[in-house]
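Shown next, in structure tokens, is the structure this report addresses.
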Amino acid sequence: MLNNSLLKIVIADDEAPARNRLKDLLSDIEHVALVGEAKNGLEAITIANDAMPHLLLLDIRMPVMDGIEAATHLQKLAVKPHIVFTTAYDNHALQAFELNAIDYLLKPIHLERLQTAIDKARALQGILNAEQLEAIKPLLPARSHFSINERGRIILLPIDEVIYLRAELKYVTVRTSIREYLIEESLTTLENEFAQTSLGEQFIRLHRNCLVAKVYIIGYEKRTNSTSITEHGEHDSTSGESHWVALLKDIPDTIVISRRQQHLVRS
Amino acid sequence: MRKSSRIPNFRNLGINLRLLIIVNVITTLAAIFLSSGLSGFLLSLTTLLAFVLPILISSMLLLYAAQPALNKLPYFAACGIILLVLPLITLLFLSQTSDLLILDATQSSVRPVLFTLLVTMIVLYYFNLQHRAYSPAMAEARLQALQARIRPHFLFNCINAVLSLIRTQPKRAETALEDMADLFRVLMADNRDLVPLAQEIALCRQYLALEKLRLEERLNMTWQIDNMPPEALIPPLVLQPLLENAVYHGIEPLPKGGEIIINVKSIAKEIHILISNPYSISHNQHIGNKMALGNIKERLLLHFDLEARLTSAFKNNRYEVHIVIPHLKNTNA
Numbered sequence: 019m020l021n022n023s024l025l026k027i028v029i030a031d032d033e034a035p036a037r038n039r040l041k042d043l044l045s046d047i048e049h050v051a052l053v054g055e056a057k058n059g060l061e062a063i064t065i066a067n068d069a070m071p072h073l074l075l076l077d078i079r080m081p082v083m084d085g086i087e088a089a090t091h092l093q094k095l096a097v098k099p100h101i102v103f104t105t106a107y108d109n110h111a112l113q114a115f116e117l118n119a120i121d122y123l124l125k126p127i128h129l130e131r132l133q134t135a136i137d138k139a140r141a142l143q144g145i146l147n148a149e150q151l152e153a154i155k156p157l158l159p160a161r162s163h164f165s166i167n168e169r170g171r172i173i174l175l176p177i178d179e180v181i182y183l184r185a186e187l188k189y190v191t192v193r194t195s196i197r198e199y200l201i202e203e204s205l206t207t208l209e210n211e212f213a214q215t216s217l218g219e220q221f222i223r224l225h226r227n228c229l230v231a232k233v234y235i236i237g238y239e240k241r242t243n244s245t246s247i248t249e250h251g252e253h254d255s256t257s258g259e260s261h262w263v264a265l266l267k268d269i270p271d272t273i274v275i276s277r278r279q280q281h282l283v284r285s
Numbered sequence: 031m032r033k034s035s036r037i038p039n040f041r042n043l044g045i046n047l048r049l050l051i052i053v054n055v056i057t058t059l060a061a062i063f064l065s066s067g068l069s070g071f072l073l074s075l076t077t078l079l080a081f082v083l084p085i086l087i088s089s090m091l092l093l094y095a096a097q098p099a100l101n102k103l104p105y106f107a108a109c110g111i112i113l114l115v116l117p118l119i120t121l122l123f124l125s126q127t128s129d130l131l132i133l134d135a136t137q138s139s140v141r142p143v144l145f146t147l148l149v150t151m152i153v154l155y156y157f158n159l160q161h162r163a164y165s166p167a168m169a170e171a172r173l174q175a176l177q178a179r180i181r182p183h184f185l186f187n188c189i190n191a192v193l194s195l196i197r198t199q200p201k202r203a204e205t206a207l208e209d210m211a212d213l214f215r216v217l218m219a220d221n222r223d224l225v226p227l228a229q230e231i232a233l234c235r236q237y238l239a240l241e242k243l244r245l246e247e248r249l250n251m252t253w254q255i256d257n258m259p260p261e262a263l264i265p266p267l268v269l270q271p272l273l274e275n276a277v278y279h280g281i282e283p284l285p286k287g288g289e290i291i292i293n294v295k296s297i298a299k300e301i302h303i304l305i306s307n308p309y310s311i312s313h314n315q316h317i318g319n320k321m322a323l324g325n326i327k328e329r330l331l332l333h334f335d336l337e338a339r340l341t342s343a344f345k346n347n348r349y350e351v352h353i354v355i356p357h358l359k360n361t362n363a
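Chain order of the listed sequences is A and B. Residue 285, in the working numbering, is where the first sequence stops; the numbers in between run on with no holes. Residue 363, in the working numbering, is where the second sequence stops; the numbers in between run on with no holes.
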């Protein structure tokens, strides 16, 4: 990038004074354009979808979606933006940032340090790599959304709208009441991630290949000749054996409950 | 409140409760040794209790009345008096009731008197040990260690907010810095003495004014303190950390914010403080909360022993902390 071309910046902080302070500082720096202000990570992604900023300054602790989660979703943009985290005080996060050379700014932010961060962004340094993303994952309390890339834009799926997650060959199908999405993650990885957070309570594994949101289960039924979805979404009618299926709210799909999980039905 | 005298405070609920328990346990043990079989045990327990309880209760009443006088005496003199007077009460009691009691009339009064003496010595020794464990030096050291520490998060966010005001609203920046100065003066002071409730409330208002600067319309407060005795004493910085928790765990995770309700009232010689904030499980993964509560609980214990309580509960999507402390006034501090 040319040294004096305009660098597009989005800032995200839930506190108005903190945003004002950043705006003041940015007004003192040349060749930058503030293209958006967000109150949380979700807003930052919505803005980034249209504005295609070069640099995002993300506060770590924000309601709705925190900065760390927003950073992981932003990786799905066609052109990955530079990300600099901002925080007033967060020992835990700072250790991880230091260890993995992830850019951050401490609030109150110094003009010179902001300038340095912007210079780095101009020099195309500061795009998070896979290792760094892996390192910040444990800092995430519990993800609020799944994200997918559709025609260069990030589509966010609130985790509360997810009815079930089903493992496919290389992907995981995410089912909401409206449609299905494919995400490039493994079900085991997701299950492990959930187990570390409060989401572990929200989802239950009914089958080897399926995690179901407890709130969407409305009942169980005993079926003899299966017409329900099994592995890889194929219809299974091989046996006349009876088995249990879970009935779901809002959608006609049913989930076969594997033998090992059948004790869940009785309880 | 913890007295400087080593004589146990016989007007303290906790001390009296321990007294009752210790004496009854010893009596029960004595009954076990004196008897064989269950019915024998029950018989000797009733007999012993009929004899022990009146003496115990009259002794406790006497000690309650004599507390101010005992406090003026040196420790060993006071103990000597107690060890002399309590067996005398026993003797008096025996002489008045010898005709009516089931006790063996032929038995001399030596054994009951010795029993009283022994139990009194055990109790005094126990309180002495306990006092040493919680001796003023120890208690002070612990109080100091437990002194409320403000979240660094708050300090830096606050400075940041003030910085944002300097260019556009210098007047508000001035007020904010003044509030910060007051707040940090209290935080850095030696906070081992009780302060009037009104002072703590004023500090809380300054603290919340600073938070309001950052969180703006997301932070709403409701003060229900019309029935608050402003002169009642409270350990300093008990309420402020609770409000800090309420802001950090209750308000900050909510995009639209919420309301913190502070209710302080006096009921029957006790001060009740209720602080409640919105709480949604899905937004909260922090455990820091528990530590602040434990810290405050321990400070209340050191100041008031069993006469203070701290409880917390989730009610209708709100988190509520309830503190009860005895209503102390400056005069008897």
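Every residue gets a Cβ at the ideal spot worked out from N, C-alpha and C, and that includes glycine.
In the DSSP assignment, tyrosine 94 of chain B falls outside any beta strand (DSSP E) and lies within the alpha helix (DSSP H) extending over 68-102.
Of A:Asp32, A:His91, A:Leu75, A:Lys94, the smallest CA-CA separation from histidine 100 of chain A is found for A:Leu75.
A Cβ-Cβ separation of about 6 Å places glutamine 133 of chain A in contact with isoleucine 47 of chain A under the 8 Å criterion. Counting the other CB atoms within 10 Å of its CB gives leucine 118 of chain B a total below 16, which places it among the exposed residues.
When the alpha-carbon of leucine 183 of chain A is set against those of A:Ile222, A:Leu265, A:Glu239, A:Ile136, the nearest one is in A:Ile222. Residues of the stretch 234-249 of chain B that bring their beta carbon within less than 9 Å of a beta carbon in chain A comprise Leu243, Arg244, Leu245, Glu246, Arg248, in sequence order. Counting only the Cα atoms, glutamate 261 of chain B lies some 54 Å from alanine 119 of chain A. Under the Cβ criterion (8 Å, minimum of three pairs), the stretch 103-120 of chain B does not count as touching the stretch 48-68 of chain B. Close to asparagine 38 of chain A, with beta-carbon spacing below 7 Å, are these residues of chain B in chain order: Ser194. In this structure alanine 69 of chain A does not touch leucine 92 of chain A by the C-beta definition: roughly 12 Å separates them, more than the 8 Å allowed.
Serine 74 of chain B sits close to leucine 64 of chain B, with the two beta carbons spaced by under 8 Å.
Burial is judged here by how many other beta carbons sit within 10 angstroms of a residue's own beta carbon; glutamine 143 of chain A has fewer than 16 and is exposed. Cα atoms of leucine 50 of chain B and arginine 36 of chain B: separation of roughly 20 Å, rounded to the nearest angstrom. Here serine 69 of chain B is exposed, its C-beta having fewer than 16 other C-beta atoms within 10 Å.
The beta carbon of valine 153 of chain B sits closer than 8 Å to those of Leu49, Ile52, Val53, all from its chain and outside the five residues before and after it, given in chain order. Interface residue (Cβ-Cβ distance to chain A less than 8 Å): histidine 183 of chain B is classified as such. For aspartate 42 of chain A, a Cβ of chain B is located within less than 8 Å of the residue's own Cβ.
Not flagged as an interface residue toward chain A: isoleucine 290 of chain B, since no C-beta distance is shorter than 8 Å. Counting along the chain, no beta strand (DSSP E) covers asparagine 187 of chain B; the unbroken alpha helix (DSSP H) around it starts and ends at 182-198.
Taking 8 Å as the CB threshold, proline 285 of chain B lines the interface with chain A. Contact note: valine 82 of chain A reaches chain B through Pro285, using a C-beta cutoff of 8 Å and chain order. Those residues of the stretch 150-181 of chain A placed with their C-beta closer than 7 Å to a C-beta in chain B are Pro159, Ala160, ordered along the chain. The distance from the Cβ of leucine 284 of chain B to that of proline 259 of chain B is about 33 Å, inconsistent with a contact at the 8 Å cut-off.
Taking a cut-off of 8 Å on C-beta distances, the stretch 239-246 of chain B touches the stretch 34-46 of chain A, as three or more cross pairs fall below it.
The Cβ neighbour count for isoleucine 154 of chain A, taken over all protein chains shown within 10 Å, is at least 16; the residue is labelled buried.
Of the residues B:Glu282, B:Ala191, B:Thr252, B:Gly288, the one whose Cα lies closest to the Cα of asparagine 38 of chain A is B:Ala191.
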